[in-house]
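*Asks:* Note that our numbering numbers the sequence shown so that position 115 is 110, with each residue one more than the last. Note that CB positions come from ideal geometry on N, CA and C, so glycine has one too. Note that the coordinates shown come from a computational prediction; the quantities given were computed from them, not determined experimentally.
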Amino acid sequence: MPTQPLRAIPDFFYGTAWKEDRTAALVELALRTGFRAIDTANQRRHYFEEGVGQGLAAAYRAGIVTRDDLFLQTKFTYQRGQDHRLPYDPAAPLSAQVAQSMSSSLDHLATDCVDSYVLHGPSSNYDWTDSDAEVWEAMRQERDAGRTRLLGISNVSVEHLQQMEASRAELPAFVQNRCYARLGWDREVREFCREHKIAYQGFSLLTANQEVLNHPLIASIAASASATPAQIIFRYANSIGILPLTGTTNAEHMKQDLASRELKLPPQSIAAINSLSG
Ligand SMILES: NC(=O)c1ccc[n+]([C@@H]2O[C@H](COP(=O)([O-])OP(=O)(O)OC[C@H]3O[C@@H](n4cnc5c(N)ncnc54)[C@H](OP(=O)(O)O)[C@@H]3O)[C@@H](O)[C@H]2O)c1
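As structure tokens, then:
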């Protein structure tokens, strides 16, 4: 059982991948629009974490939010997921790499504690390895030292989670995975999470599920709810227990994505969308 408290967990995350020099402006816009949870990573290949910090600083200066209003989540990424712009010394032991990456994240985000610190992905696609155990222990130490409130793991299979459990490792407070409708929206992992009180964050809800997004059934549910198909997917995800991420770069989509939380999706619509899933 996780020992970490599941408190003040937001219901929609704004994701900051692939935004490069637009990162700061888009983070500020997301906060102005009403997002309060920001997902990033200390992985310069896909994220510009320093830009996230600049966006936060602009929002603080403009009086939109304070640090206390926000849920900040970042990640530790193994060298194999990075390019040459590493946030740690690759020759250092993994536990030192975690400490260095965390310290650099706190600098980028100008905070002394993030809300969630996520292992970007286990070192093997199949097993929970000794390297993962070392990194996870180092992340636990970061948590115990007060540099993160909660811990998470991303890109994880049910086998990884079962192996963690079998090795008596502390389970994460969060899982963050790509969610494919054809795999029952990651059914197996979500079931494990439900049983173990782990909050499940889903990404690529639109991009990985174009066949559902563009399905006539979704169009008709959207029309009867006066909503867009994307809003229906986000609302559906939320109604089956997924905390959605969006990385939209569009101001109108930001509003629509947040507004999806208010939509009423009747049980027959949820059942109909279930029928489109694997
Ligand atoms: N842990 C990991 O390994 C991992 C991997 C991938 C992503 N992530 C996280 O998840 C976040 C989201 O990534 P994602 O893969 O879900 O993709 P994404 O970057 O959110 O892309 C979503 C796509 O959907 C469109 N979209 C969003 N809202 C829409 C709306 N209301 N109507 C129509 N189109 C809409 C966006 O276009 P517009 O920009 O035009 O709106 C964009 O093309 C990332 O930024 C990152 O934080 C994590």
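Return yes when at least one heavy atom of ligand 3 lies under 7 Å from the C-beta of SER96, else no.
*Replies:* Among the ligands modelled here, namely ligand 1, ligand 3 does not occur.
*Asks:* Is it buried or exposed, SER221, if we count other Cβ atoms within 10 angstroms and call 16 or more buried?
*Replies:* With fewer than 16 Cβ atoms within 10 Å of its Cβ, SER221 is classed as exposed.
*Asks:* I need the boundaries of the alpha helix (DSSP H) containing GLN68, first residue and last residue.
*Replies:* Per DSSP, GLN68 belongs to no alpha helix (DSSP H); it is in the beta strand (DSSP E), 66 to 71.
*Asks:* Are GLU15 and ALA53 closer than 8 Å when you measure CB to CB?
*Replies:* Their beta carbons are not under 8 Å apart, which means GLU15 does not touch ALA53 by this criterion.
*Asks:* With burial defined as no fewer than 16 other Cβ atoms inside 10 Å of the residue's Cβ, what is the status of ASP64: buried or exposed?
*Replies:* Exposed: under 16 other Cβ atoms inside 10 Å.
*Asks:* Taking the straight line between their C-alpha atoms, what separation do you get for ALA128 and HIS210?
*Replies:* Distance between the alpha carbons of ALA128 and HIS210: 42 Å.
*Asks:* Taking C-beta to C-beta, are THR72 and CYS108 nearer than 8 Å?
*Replies:* No, the Cβ-Cβ distance between THR72 and CYS108 is not below 8 Å.
*Asks:* Answer yes if the region 155 to 170 comes into contact with the region 201 to 217, meaning at least three C-beta pairs across the two stretches below 8 Å, and no otherwise.
*Replies:* At 8 Å Cβ cutoff, the stretches do not touch.
*Asks:* Would the region 232 to 239 count as touching the region 184 to 196 if we require 3 or more Cβ pairs under 8 Å?
*Replies:* These segments touch.
*Asks:* Can you give the Cα-Cα distance for ALA133 and VAL60, rounded to whole angstroms?
*Replies:* Approximately 31 Å, taken between the alpha carbons.
*Asks:* Just to confirm my understanding: we take PHE169, look at its own chain, exclude 5 residues before and 5 after, and list those with CB closer than 7 Å. What are they?
*Replies:* Same-chain partners within the cutoff: SER111, VAL113, LEU145, GLY147, ILE193, ALA194 and GLN196.
*Asks:* Hey, GLY141 and HIS115: beta-carbon distance below 8 Å or not?
*Replies:* In this structure, HIS115 does not lie closer than 8 Å to GLY141 by Cβ.
*Asks:* Does the Cβ of LEU253 have 16 or more other Cβ atoms within 10 Å, making it buried, or fewer, making it exposed?
*Replies:* By the 10 Å Cβ count, LEU253 comes out buried.
*Asks:* Looking at SER149 and ligand 1, is the gap between the Cβ and the nearest heavy atom below 7 Å?
*Replies:* At least one heavy atom of ligand 1 is nearer than 7 Å to the Cβ of SER149, so yes.
*Asks:* Residue range of the beta strand (DSSP E) that ASN288 falls in?
*Replies:* With the chain covering only -4 through 273, there is no way to say anything about residue 288.
*Asks:* My parser needs the alpha helix (DSSP H) runs of 4 or more residues fully inside the region 46 to 116; what are they?
*Replies:* As far as the region 46 to 116 is concerned, its whole alpha helix (DSSP H) runs of at least 4 residues are 89 to 104.
*Asks:* Let me check you understand the geometry: is the CB of GLY29 closer than 7 Å to at least one non-hydrogen atom of ligand 1?
*Replies:* No, the Cβ of GLY29 stays beyond 7 Å of every heavy atom of ligand 1.
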